[in-house]
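A.B. asks: In this text, residue positions in the sequence shown follow the numbering used here: the first is 1444, and each later residue adds one.
Positions of the beta carbon are idealized from the N, C-alpha and C atoms, including for glycine.
Computed from a predicted model, the values in this text were never measured in an experiment.
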Amino acid sequence: MGNWFLYMIRTANGSLYTGISTEPERRLQQHISGRGNAARSLRGKGPLELVFQAGFDDRSSASKAEYRVKRLPKAIKEKLVQGVCSLDSIEC
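#1: Using 8 Å as the cut-off, can you tell me whether the region 1497-1513 makes contact with the region 1449-1460, which would need three or more C-beta pairs spanning the two stretches below that distance?
#2: Hey, which unbroken runs of the alpha helix (DSSP H) at 4 residues or more fall wholly within the region 1454-1480?
#3: Does any CB atom of chain D fall closer than 9 Å to the CB of residue 1523?
#4: Would you check if there are 3 or more beta carbon pairs closer than 8 Å linking the region 1521-1532 to the region 1461-1478?
#5: Between which two residues does the alpha helix (DSSP H) containing residue 1512 stretch?
#6: Where do the N-terminal and C-terminal ends of the alpha helix (DSSP H) with residue 1518 fall, by residue?
#7: Looking only at its own chain, which residues have a Cβ that is under 6 Å from the Cβ of residue 1521, when we skip the five neighbours before and after it?
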């Protein structure tokens, strides 16, 4: 796919954080370190684990997918992580 990725990070308490980036692994390291542009909502919630990523052709497509995923119930997000659902058939 493209240069942008939708990713999900699992926190120690099982919560899922959703974001977009051109480099999900680098972004995970930023969240872990708590420095720079790290999400405040993830501070102190470690250990953190990258559990899902999907590629998109451009930032706009990734942002639209992020918006859709953030509105989903956790049960559906878990199905995405497990590979039971895809972003194409997100309402599985």
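C.D. replies: In brief:
#1: Contact between the region 1497-1513 and the region 1449-1460 is present, because at least three Cβ pairs lie under 8 Å.
#2: The qualifying runs are 1467-1476.
#3: No chain D is part of this structure, which consists of one protein chain only.
#4: Touching, no, given that fewer than three Cβ pairs across the two stretches are closer than 8 Å.
#5: Looking at the DSSP string, the run of the alpha helix (DSSP H) that includes residue 1512 is 1502-1513.
#6: Segment 1517-1525, the alpha helix (DSSP H) holding residue 1518.
#7: Cβ within range, chain order: n/a, list empty.
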